[in-house]
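Just so you know, we're using our numbering here: the sequence shown kicks off at 9 and counts up by one.
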Amino acid sequence: MTENEFYVRFWGVRGSLPCPGTGYSEVGGNTPCLEIVCGGHVMVFDAGSGIVGLGHRLRDAACDALDLFFTHCHYDHICGLPFFSPLYCSATQVKMWSGHHLDGMTTEGMVRQFMAAPFFPVGPEAFCADVGYQDFKPGDNLKPNGAVSIQTTALNHPNGCVGYRIEYGGKAICYISDTEHEDGKTDRAICDLIAGADIVIYDSAYTMEEFENYRGFGHSTWQEGARLCDLAGAGQYVAFHHCPSHQDAFMSDLEERIAAVRPGSLIAREGLTLHP
Ligand SMILES: [Zn+2]
Ligand SMILES: [Zn+2]
Numbered sequence: 009m010t011e012n013e014f015y016v017r018f019w020g021v022r023g024s025l026p027c028p029g030t031g032y033s034e035v036g037g038n039t040p041c042l043e044i045v046c047g048g049h050v051m052v053f054d055a056g057s058g059i060v061g062l063g064h065r066l067r068d069a070a071c072d073a074l075d076l077f078f079t080h081c082h083y084d085h086i087c088g089l090p091f092f093s094p095l096y097c098s099a100t101q102v103k104m105w106s107g108h109h110l111d112g113m114t115t116e117g118m119v120r121q122f123m124a125a126p127f128f129p130v131g132p133e134a135f136c137a138d139v140g141y142q143d144f145k146p147g148d149n150l151k152p153n154g155a156v157s158i159q160t161t162a163l164n165h166p167n168g169c170v171g172y173r174i175e176y177g178g179k180a181i182c183y184i185s186d187t188e189h190e191d192g193k194t195d196r197a198i199c200d201l202i203a204g205a206d207i208v209i210y211d212s213a214y215t216m217e218e219f220e221n222y223r224g225f226g227h228s229t230w231q232e233g234a235r236l237c238d239l240a241g242a243g244q245y246v247a248f249h250h251c252p253s254h255q256d257a258f259m260s261d262l263e264e265r266i267a268a269v270r271p272g273s274l275i276a277r278e279g280l281t282l283h284p
């Protein structure tokens, strides 16, 4: 671990529903979870099923403090939360942040409502960690720790969603999941957020052809992600929130198509680590 280290590691890249099975073994079937480390400080983005493996690793490494940011609380982004090992370690501090609420709900209220009868057997009282809850509004700048700066913006998604730009040491990683674009319109808030960023992780659930059938579901296309990155002068584009119907063979074809349009682009895979 060095003072300058800054990386993102993907623990869950799939949208909507965890997808076990052989058709998903190369790209991964867990739902959204990113680990972003800045100079040894651990930040987790989203608590999809991918957070379970990350939690075991953090517990084994005796991680004593981390921040967990939610983009929003649709099931695919929160279903792993009750199974996140650091929440059951009494020596660990976990601070949860969210800002997507359109209805006045708080971060703590979101967790209480999610872990409640009749949908779940125990409430957040079961956590042993030192858990804190922090609310914010889209557009706020967050300062979770020292030299890390996080900008936020509202995304176009049913029930609200937040996009993040994480800056450290003069580099920037952006996390834009989930969002729906409008034909012929450019989402200026996203363009501003990702301007000049080194890495942009973007909701690429559908191809442009598929998008016609899924308007209103709150997702975008890899073509729109590449277009926004070009407009904003961003660096590496990473397609994310893969549709459950897109198995490994489809995804590897897709990666070639994306890289042909925008060289250096990737599809997010579980276990992939990128340094800006
Ligand atoms: Zn999602
Ligand atoms: Zn969603």
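Every residue gets a Cβ at the ideal spot worked out from N, C-alpha and C, and that includes glycine.
Following a CB-centred definition, is residue i positioned closer than 6 Å to any heavy atom of ligand 1?
i   : result
D84 : yes
G23 : yes
Closest to residue i by C-alpha separation, out of the options, would be which residue?
i    : options                : result
S260 : V35, C27, F18, V21     : V35
P26  : I59, R17, G168         : I59
V50  : S57, Y15, H80, G29     : Y15
Q244 : R265, S273, Q121       : S273
G241 : A137, Y176, C182       : C182
L110 : A276, G177, T79        : T79
I158 : Y141, A180, P166, P271 : A180
R223 : E188, G48, P284        : E188
S93  : V21, C136, E263, G112  : C136
D298 : Y176, P132, G168       : Residue 298 lies beyond the residue range present for the chain, which begins at 9 and ends at 284; the question has no answer from this structure.
G37  : G23, G48, G47, V45     : G23
T281 : T160, S253, F77, I207  : I207
H250 : I275, A73, E133        : I275
S253 : R17, V139, P28, W19    : P28
A134 : A203, A69, V119, W19   : V119
D191 : L201, E232, G88        : E232
I202 : T160, L62, N164, P90   : T160
W19  : T30, E43, D68          : E43
V130 : H108, Y141, F91, S106  : F91
T114 : P284, D143, I184, M104 : D143
E13  : G107, G47, G204        : G47
Which of the three DSSP states is assigned to residue i in this structure?
i    : result
D54  : coil
N221 : helix
H49  : strand
H64  : helix
S260 : helix
F92  : coil
L150 : strand
A267 : helix
Q101 : strand
C27  : coil
V119 : helix
D143 : strand
H85  : helix
G233 : helix
R196 : helix
L201 : helix
E278 : coil
L1   : Since the first residue of the chain shown is 9 and the last is 284, residue 1 is not available in this structure.
D238 : helix
E133 : helix
Could you tell me whether any Cβ in chain C is nearer than 7 Å to the Cβ of residue i?
i   : result
T39 : No chain C is present in this structure, which holds just one protein chain.
For residue i, verify whether its CB is less than 6 Å away from any heavy atom of ligand 3.
i    : result
A247 : Ligand 3 is not part of this structure, which contains only ligand 1 and ligand 2.
**Study point:** Test item, CB below 5 Å from any non-hydrogen atom of ligand 2
**Key:** H82, D186
Point to revise | Touch test, the region 117-137 against the region 150-158, Cβ-Cβ under 8 Å, three pairs minimum | key: no
Review point. Is the region 198-215 touching the region 81-96 in the sense that three or more CB pairs, one from each, lie closer than 8 Å?
Key: no
Practice item. Taking 8 Å as the threshold, find out whether the region 231-242 comes into contact with the region 154-174 through three or more Cβ pairs. Key: no
Practice item. Please confirm if the region 191-207 is in contact with the region 98-106, defined as three or more CB-CB distances below 8 Å between the two stretches. Key: no
Check your understanding: Does the region 221-230 come within contact of the region 201-213, defined as at least 3 CB pairs closer than 8 Å?
Key -> yes
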